[in-house]
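Working notes for the structure below.
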Amino acid sequence: MTARRLPISTVLTMLAVGALATGLGAAAVAVRVARNVVTPPTRRRYDIEVLSVDEPAGEIVLSRTLDTLAPGRYSMWFDRDRGHARIGEIIRHDAQSVTRQLHSVQRGDLSRASRARWAGWWYLTPADLAVPFSDVGIRTPIGVAPAWRIDGTGSGADWVIQVHGRAVTRAEGLRAVNAFTEAGYGSLLISYRNDGDAPASIDGRYALGDDEWRDVEAAIAYALDEGATRIVLMGWSMGGATVLQCITRSQLAEHVVGVVLESPVVDWVRVLRFQAAASGLPAVVRDAAMAMLSSHSASQWVGLDEPIDFDRLDIVARAAELTIPMLVLHSVDDGFVPSDGSLALAAARPDVVRLEHFAIARHTKLWNYDAPRWERAIGTWLAELGDRQP
26 MTARRLPIST VLTMLAVGAL ATGLGAAAVA VRVARNVVTP PTRRRYDIEV LSVDEPAGEI
86 VLSRTLDTLA PGRYSMWFDR DRGHARIGEI IRHDAQSVTR QLHSVQRGDL SRASRARWAG
146 WWYLTPADLA VPFSDVGIRT PIGVAPAWRI DGTGSGADWV IQVHGRAVTR AEGLRAVNAF
206 TEAGYGSLLI SYRNDGDAPA SIDGRYALGD DEWRDVEAAI AYALDEGATR IVLMGWSMGG
266 ATVLQCITRS QLAEHVVGVV LESPVVDWVR VLRFQAAASG LPAVVRDAAM AMLSSHSASQ
326 WVGLDEPIDF DRLDIVARAA ELTIPMLVLH SVDDGFVPSD GSLALAAARP DVVRLEHFAI
386 ARHTKLWNYD APRWERAIGT WLAELGDRQP
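So, in structure tokens, the structure goes:
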């Protein structure tokens with residue numbers, strides 16, 4: 026069964042079947058699962074143990090996980106996100122632990138940390154890039170959203186708008202600034218509704234790109250007012266879904282000359298099924314949760330003001346509508362957003378979509394894993410995009 030706009034009677038039937046098949050708690054589980062999909066998190070999962078820290082030697086020992094075993098350089102948050110450190114390459118590892126370079130500590134007392142969480146960030150603000158920047162406000166349909174503006178080295182006509190992913194902020198896109206600056210592009214790193222920086226929507230829930238694209242449209246309008254004539258949109262994870270909705274629904278998409286997607290969601294049904302399977306969620310509960318999200322009546326149970334239109338969010342099915350050149354960067358072992366959606370999109374539209382496939386890099390951490398290759402892929406694609414006019 027697909028997750029589409031189902032009538033309330035169908036949703037109720039699914040919940041009843043779920044309760045009979047998996048126990049009386051199945052309906053409650055389905056509601057909780059649906060809420061988790063669209064509710065901005067207030068608590069983070071600290072799934073890494075900090076086993077020892079030797080700051081003078083520049084070493085840290087962490088529990089062995091798929092993330093801590095990945096080569097490259099990463100962010101590590103601790104002390105309920107009050108602390109942040111930069112972690113470098115692997116020094117050694119065994120069956121239980123991984124010893125890595127401790128690059129630096131930006132915030133907090135790492136010696137007191139016992140648990141942490143992994144992230145792809147490296148830079149926390151544009152100041153870390155040592156480039157001039159300004160804080161600006163984007164007038165979105167629900168209020169002014171803060172953004173960072175970094176002017177390019179070119180004529181000022183070429184801009185990239187960075188759209189971050191779910192449950193993170195605009196700092197996610199800072200890793201891409203250098204690649205675009207070298208190509209002469211200015212960068213606008215935006216916030217959008219319900220991300221903790223921008224104004225909240227009426228319901229305070231994610232729409233998985235179904236509404237957030239309007240804030241990207243507002244950013245395009247800002248860029249045009251400031252002299253941009255050629256705009257590239259870059260979306261990360263859910264930001265990819267948001268960018269894809271913008272270029273297929275906004276009247277301002279005519280000013281967009283290219284799209285870059287990092288670990289993107291191109292079909293939410295595919296992603297949510299993958300995540301449900303990974304967590305061991307029974308199929309009947311999964312389908313009931315997804316049906317609630319797309320039902321006009323049942324979506325109110327999870328706090329949505331409007332249901333989510335999964336058909337509209339399926340860009341693989343809508344691939345024929347794409348006209349703008351697109352670079353997709355995705356890791357085969359993403360672990361959160363499966364790369365098969367990107368593969369399907371590239372197969373459907375090889376004339377428009379170029380896929381740069383990684384391995385080992387995990388979700389939205391391709392730059393961290395292999396920054397030279399990642400930046401080279403973007404730089405080469407931008408060079409080939411050339412002076413394409415909207």
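Heads up: the sequence shown begins at 26 in the working numbering, then just goes up one per residue. Just so you know, even glycine gets a beta-carbon here, dropped at the ideal spot from N, CA and C. Please read all numbers here as calculations on a predicted model, not as lab measurements.
Sub-9 Å separation of TRP184 and ALA278 beta-carbons | Cβ atoms of TRP184 and ALA278: not closer than 9 Å.
From GLN121, PRO166 and TRP392, residue whose alpha carbon lies closest to that of ARG89 | For ARG89, the nearest C-alpha among the options comes from GLN121.
Nearest to CYS271 by CA position, among ARG295, ILE186 and LEU127, is which residue?
-> Distance check between CYS271 and each of ARG295, ILE186 and LEU127 places ILE186 closest, using alpha-carbon atoms only.
Which of helix, strand or coil does DSSP assign to GLN414?
-> In the structure shown, the three-state DSSP call for GLN414 is coil.
Could you tell me how far apart the beta carbons of ASP376 and ILE227 are, in whole angstroms, since I believe they sit closer than 8 Å?
-> Contact flag wrong, Cβ pair sits at about 40 Å.
Proximity of ILE333 and ALA182 at Cβ, strictly below 9 Å = No, the pair does not count as a contact, with Cβ atoms beyond the cut-off.
Residues that GLY421 bridges to, as DSSP identifies them = What is shown of the chain runs 26 to 415, which leaves residue 421 out entirely.
Thinking ARG239 and PRO166 are a contact (beta carbons under 8 Å), I'd like their distance in whole angstroms, please.
-> Right, the Cβ-Cβ distance comes to about 5 Å (below 8 Å), so this counts as a contact.
Would you mind reading off the limits of the beta strand (DSSP E) that contains ILE385?
-> Taken as a continuous stretch (DSSP letters only), ILE385 belongs to no beta strand (DSSP E), as it is neither H nor E.
How is TRP392 classed by DSSP in three states: helix, strand or coil?
-> Look at TRP392 here: in three-state DSSP terms it is helix.
Beta-carbon proximity check, VAL449 vs ALA51, cutoff 9 Å | The structure shown has nothing for residue 449, since the chain only spans 26 to 415.
Tell me whether ILE340 sits in a helix, a strand or coil according to DSSP, three-state version.
-> Coil, per DSSP.
Please go through the stretch 294–372 and give each complete beta strand (DSSP E) segment of 3 or more residues, from N-terminal end onward.
-> For secondary structure counted as the beta strand (DSSP E) over 3 or more consecutive residues, the stretch 294–372 holds these complete runs in sequence order: 351–356.
Would you decide whether ASN393 is buried or exposed? Buried here means 16 or more other CB atoms lie within 10 Å of its CB.
-> It counts as buried.
Evaluate the contact criterion for the stretch 234–251 versus the stretch 364–380: three or more CB pairs, one atom per stretch, below 8 Å.
-> These segments do not touch.
Kindly list the residues whose CB is nearer than 6 Å to the CB of GLN131, restricted to its own chain and excluding five residues on each side of it in sequence; keep chain order.
-> Non-local beta-carbon contacts of GLN131 in its own chain, meaning distances under 6 Å to residues more than five positions away in sequence, involve HIS109 in chain order.
Chain-order list of residues whose beta-carbon lies under 8 Å from that of VAL63 (same chain, five-residue window excluded) | Here the set comprises ARG230, TYR231, ALA232, LEU233, LEU318, VAL327, GLY328, LEU329 and ILE333.
What are the uninterrupted segments assigned as beta strand (DSSP E) that are 3 or more residues long and contained completely in the stretch 98–156, given in chain order?
-> List check, beta strand (DSSP E) in window: 99–103, 108–118, 122–132 and 140–144.
Buried or exposed for GLU287, please, with buried defined as at least 16 other CB atoms from any protein chain shown within 10 angstroms of its CB.
-> By the 16-neighbour rule on beta-carbons within 10 angstroms, GLU287 is buried.
List the residues that DSSP assigns as beta-bridge partners of VAL257.
-> Residue pairing from DSSP places VAL257 in a beta bridge opposite VAL185 and GLY283.
When DSSP labels each residue in this structure, what does VAL56 get in the three-state scheme?
-> Three-state result, VAL56: helix.
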